[in-house]
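For the numbering used here, add 962 to where a residue sits in the sequence shown, where the first one is 1.
Notes follow once the structure below has been shown.
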Amino acid sequence: MQRDRIADNLNVSAGTVSRTVSEWRDRLGAPLAEEVRDLCVIAKTQNVTLLQCAEGFRFLNQLKNCGLKLDQIMPFILEFYNLCVSADFVEIGEIIKAFSSEYTQILQELKDHRNLRMPIAC
963 MQRDRIADNL
973 NVSAGTVSRT
983 VSEWRDRLGA
993 PLAEEVRDLC
1003 VIAKTQNVTL
1013 LQCAEGFRFL
1023 NQLKNCGLKL
1033 DQIMPFILEF
1043 YNLCVSADFV
1053 EIGEIIKAFS
1063 SEYTQILQEL
1073 KDHRNLRMPI
1083 AC
């Protein structure tokens, strides 16, 4: 049972784990507590940390702020990926990392030199 494993890992009784979860659920509210639990279960089954979920959420919002609609985001990412592959870029992750660290500076320079009215976030 999960509760017993948690108790063993924390070196507390199973009753303490149950009471702590119950108090947390009461403070948070049962519906929200279930949503948080579901998120954690899905993240765990997908081998994704909650930090990675938060980063993905921020990334998704950045793309939305750039005017992409939800149904356009995945095709945009796939198109970008395919362009990188077709250009024989082996280290896609390194390219994206380099791009993300430079794009803010590039956009700021464009804005400064051309007096563009564009948000820096996209």
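Every residue, glycine too, gets a C-beta built ideally from N, C-alpha and C.
Please read these numbers as outputs of a predicted model, since none were measured by experiment.
*For the alpha helix (DSSP H) holding C1015, just list the boundary residues, first then last.*
Counting along the chain, the alpha helix (DSSP H) containing C1015 begins and ends at 1012-1027.
*Would you decide whether V1003 is buried or exposed? Buried here means 16 or more other CB atoms lie within 10 Å of its CB.*
By the neighbour-count criterion, in which a residue is buried when 16 or more other Cβ atoms sit within 10 angstroms of its Cβ, V1003 is exposed.
*So, are the CB atoms of I1035 and L1045 less than 7 Å apart?*
No; because the gap between Cβ atoms is not below 7 Å, this pair is not in contact.
*So G935 is in the alpha helix (DSSP H); what residue range does that whole segment cover?*
Since the first and last residues shown for the chain are 963 and 1084, residue 935 lies out of range.
*Go ahead and pull the three-state DSSP assignment for N1044.*
Correct three-state label for N1044: helix.
*For N971, collect the residues of the same chain with a Cβ closer than 7 Å to its Cβ; drop the 5 residues on either side in sequence, then sort them by chain order.*
Counting only Cβ-Cβ distances below 7 Å, and skipping sequence neighbours, we find nothing.
*Cβ distance (whole Å) where R1117 is taken to contact A976 below 8 Å*: Only positions 963 to 1084 of the chain appear in this structure, which leaves residue 1117 out of reach.
*Buried or exposed: V1010, going by 16 or more other Cβ atoms within 10 Å of its Cβ?*
Its Cβ having fewer than 16 others within 10 Å, V1010 is exposed.
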